[in-house]
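The structure appears right after this line, and notes come after that.
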Amino acid sequence: MFKEHDADLRARYLRYLPQAASYFDMHDFAFYRIHIYQARYIGGFGKMTWLSDIDLLDGINAANSPLASQESAIIEHMNQDHVHSMLSYCRYFHQVEASHAQMLGIDYDGFDVEARIADKNIYLRFNFEQPVYDAQAARMALVAMSKLAL
Numbered sequence: 528m529f530k531e532h533d534a535d536l537r538a539r540y541l542r543y544l545p546q547a548a549s550y551f552d553m554h555d556f557a558f559y560r561i562h563i564y565q566a567r568y569i570g571g572f573g574k575m576t577w578l579s580d581i582d583l584l585d586g587i588n589a590a591n592s593p594l595a596s597q598e599s600a601i602i603e604h605m606n607q608d609h610v611h612s613m614l615s616y617c618r619y620f621h622q623v624e625a626s627h628a629q630m631l632g633i634d635y636d637g638f639d640v641e642a643r644i645a646d647k648n649i650y651l652r653f654n655f656e657q658p659v660y661d662a663q664a665a666r667m668a669l670v671a672m673s674k675l676a677l
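This note's numbering numbers the first residue of the sequence shown as 528 and each following residue consecutively.
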């Protein structure tokens, strides 16, 4: 369990599950970080091995990436100034015609959008071509995706 980024974690959690705000009042609700040291890969007969944390995460320490502390500012900027881009992403990458779209979260692999289609909201995942580690790299990836989608 950790407390150092509790406010940021709460805000991120509520972007995905706004109806869960009352969970924070429960005495046994907390956020936990899982540190993976190794995992067993079983790909079929004779195809098994142990994978280290470096193998699994490609050497990325996502929890300590500057992107985590920059996430809220990126989301706010995208939702205020680039809704048209997110609608284009929905159309181009997921073949979905959304009437509204808002970014919920961004991480080094991609970002999540809540899109309004007809009378319901759906969640869409958009993957980056390469991992991004900070706001500048995220901006470059988002601009490249916009150029494809427009």
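C-beta: ideal position from N, C-alpha, C; glycine also.
Each of Arg-560, Ala-665 and Leu-651 was checked against the Cα of Gln-657, and the nearest Cα belongs to Ala-665.
Gly-571 has its alpha-carbon roughly 44 angstroms from the corresponding atom of Asn-606. A distance below 7 angstroms between beta-carbons, with the five flanking residues on each side excluded, links Leu-536 to the following residues of its chain, in chain order: Phe-558. With the rule of 3 Cβ pairs closer than 8 angstroms, the region 616-631 counts as touching the region 643-659. Its chain contains Ile-633 as the residues whose beta carbon lies nearer than 6 angstroms to that of Glu-598, once the 5 sequence neighbours on both sides are disregarded; these appear in chain order. Closest in alpha carbon position to Asn-648, among Leu-677, His-604, Lys-574 and Tyr-543, is Tyr-543.
For Arg-652, the beta-bridge partners assigned by DSSP are Asp-639. The alpha carbon of Ala-645 has as its nearest neighbour, out of Val-670, Tyr-540, Ala-625 and Leu-594, the alpha carbon of Ala-625.
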